[in-house]
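What follows is a set of notes on a single structure, which appears directly below.
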Amino acid sequence: MNRYLWPSIAAGGLLLAALALLLVVQPVAAQEICFPEQPTFPCLTEPFASYWQGNGGLAVFGYPLSARPAKQAPN
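This is the structure we're talking about:
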């Protein structure tokens, strides 16, 4: 093997190893869906945000009309 080819192969292997490390899946934090063009509308949070987005989003449901109701503590 050509002695000048070996460093290129080694560098390519290191590059592939570095790219493989970048492809490791990282956990994703819960995302809010907000509407900057309509700042008075509330942001959608999980678990409803996933349902809303997975089932048609804005085209099907439109903008949210009210904020998520606060949980009430049992008396």
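Residue numbers (the working numbering): 12 to 86. Yeah, the Cβ is synthetic: ideal placement off N, Cα and C, and Gly gets one too.
Close Cβ partners of residue i (< 7 Å) along its chain, the five nearest in sequence each way excluded
i	result
L55	E43, I44, W63 and P75
F72	W63
Same chain only: Cβ atoms within 6 Å of residue i, ignoring 5 sequence neighbours per side
i	result
G65	none
Top-ranked residue by Cα proximity to residue i, from the options
i	options	result
E48	S61, L69 and I20	L69
P50	S77, W17, S19 and K82	S77
CB of residue i within 9 Å of CB of residue j, strictly
i	j	result
F46	F52	yes
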